[in-house]
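Undergrad: Please find one structure pasted underneath; my questions will follow.
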Amino acid sequence: AQKITQTQPGMFVQEKEAVTLDCTYDTSDQSYGLFWYKQPSSGEMIFLIYQGSYDEQNATEGRYSLNFQKARKSANLVISASQLGDSAMYFCAMNGGSQGNLIFGKGTKLSVKP
Amino acid sequence: DTGVSQNPRHKITKRGQNVTFRCDPISEHNRLYWYRQTLGQGPEFLTYFQNEAQLEKSRLLSDRFSAERPKGSFSTLEIQRTEQGDSAMYLCASSLSWGPTYEQYFGPGTRLTVT
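If you read the sequences in order, they're chains A and B.
With positions in the first sequence counted from 1, the corresponding number in our numbering is that position plus 372.
With positions in the second sequence counted from 1, the corresponding number in our numbering is that position plus 928.
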């Protein structure tokens, strides 16, 4: 069975600094996708970034990058130059093979301090 | 390009009543998913459709839950004989079934409170 583990319930970061949110995963599939979503207090889930299991380069999207270490089964999210608007819950998720559904971790609450 | 919409946004019901939620996906997306999210947890998968076919159901989807997507466009999720444990945010998402990433785009959710 697939599983996502996020070990940081909450994180604080100073505005304009970088922060890394941890995510480890477990799967027996060879082909899978890893995703990060942001959930502000308003509740909507916002797609941030995707990494495929066969992608050789780490994914980047603007200030977001995904530090993918396949052998360690980790997919950490790095947010550079944090902004106050980055304060939210962040969820790591994966799908696998032909499965359409996503498996989510419990999330990390990020608070950006001015 | 409109996003995923869900109605109603909030629903308060008494235990034992039936409720129905609606989800309208992004128009060109052929996959539609339902998730449930309780406080302090990540979303949990309930079921998904590809076009009008329901391809997978989680064991979380008890017999009191039923979902439909009759014409491959919008979907409804019905909960019969609601229980207090059904109180949660119900999220709908849509995606394509092809392409490099299959990312799912979520709606704003329907928050259900069962009293």
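From the three backbone atoms N, C-alpha and C, an ideal C-beta is built for every residue, glycine too.
These numbers were taken from a predicted model, which means no experiment stands behind them.
#1: Could you please tell me which residues of the segment 420 to 440 of chain A, in chain order, have their CB closer than 8 angstroms to any CB of chain B?
#2: What's the gap between the Cα of B/Pro971 and the Cα of B/Tyr963?
#3: Between the alpha carbons of B/Pro936 and A/Glu428, how many angstroms are there, rounded?
#4: Who are the Cβ neighbours of B/Thr948 in its own chain at under 6 angstroms, not counting the five residues just before and after it?
#5: Provide the residue span of the beta strand (DSSP E) that contains B/Gln978, from first to last.
#6: For B/Cys1020, tell me which candidate among B/Asn946, B/Glu1011, B/Lys939, B/Arg950 has the shortest Cα-Cα distance.
#7: The beta strand (DSSP E) with A/Asn448 in it runs from where to where?
#8: For the segment 448 to 455 of chain A against the segment 382 to 393 of chain A, are there 3 or more C-beta pairs whose distance is under 8 angstroms?
#9: Within 8 angstroms (strictly less), CB to CB, does A/Leu456 reach chain B?
#10: Can you find a CB in chain B that lies within less than 8 angstroms of the CB of A/Phe384?
#11: Are B/Arg959 and B/Phe977 close, meaning C-beta to C-beta below 8 angstroms?
#12: Under 8 angstroms Cβ to Cβ from B/Leu989, same chain only, skipping five residues before and after it: list those, please.
#13: If the cut-off is 8 angstroms on Cβ atoms, which residues from the segment 1006 to 1037 of chain B count as contacting chain C, listed in chain order?
#14: What does DSSP give as the partner residues of B/Val912 in its beta bridges?
TA: Inspection of the coordinates gives the following:
#1: For the segment 420 to 440 of chain A, which is checked against every Cβ of chain B, the residues closer than 8 angstroms are Tyr422, Gly424.
#2: One-based indexing of the second sequence puts residue 971 of chain B at position 43. One-based indexing of the second sequence puts residue 963 of chain B at position 35. Between B/Pro971 and B/Tyr963, the C-alpha separation is close to 6 angstroms.
#3: Stepping through the second sequence from its first residue, residue 936 of chain B is reached at position 8. Stepping through the first sequence from its first residue, residue 428 of chain A is reached at position 56. Using only the alpha carbons, I get a separation of about 43 angstroms.
#4: If you number the second sequence from 1, residue 948 of chain B lands on position 20. Excluding positions up to five away in sequence, the list reads Thr1004, Glu1006.
#5: Sequence index remark: in the second sequence, residue 978 of chain B carries index 50 (1-based). Unbroken beta strand (DSSP E) run through B/Gln978: 972 to 978.
#6: Mapped onto the second sequence, residue 1020 of chain B falls at position 92. Checking every option, the nearest Cα to that of B/Cys1020 belongs to B/Arg950.
#7: In the first sequence, residue 448 of chain A corresponds to position 76, counting from 1. Start and end: 446 to 451.
#8: yes
#9: The sequence position of residue 456 of chain A within the first sequence is 84, counting from 1. Not one chain B Cβ lies under 8 angstroms of A/Leu456.
#10: To locate residue 384 of chain A, count along the first sequence from 1; it is residue 12. Judged by the 8 angstroms Cβ criterion, A/Phe384 is not in contact with chain B.
#11: For the purposes of this step, residue 959 of chain B is taken as residue 31 along the second sequence, with counting starting at 1. For the purposes of this step, residue 977 of chain B is taken as residue 49 along the second sequence, with counting starting at 1. At a Cβ-Cβ threshold of 8 angstroms, B/Arg959 and B/Phe977 count as neighbours.
#12: The count along the second sequence starts at 1 and reaches residue 989 of chain B at position 61. For B/Leu989, where only same-chain residues beyond five positions count, the Cβ hits under 8 angstroms are Leu974, Thr975, Ala995.
#13: No chain C is part of this structure, whose protein chains are labelled A and B.
#14: Residue numbering for chain B in the displayed model covers 929 to 1043; residue 912 of chain B lies beyond these limits and cannot be assessed.
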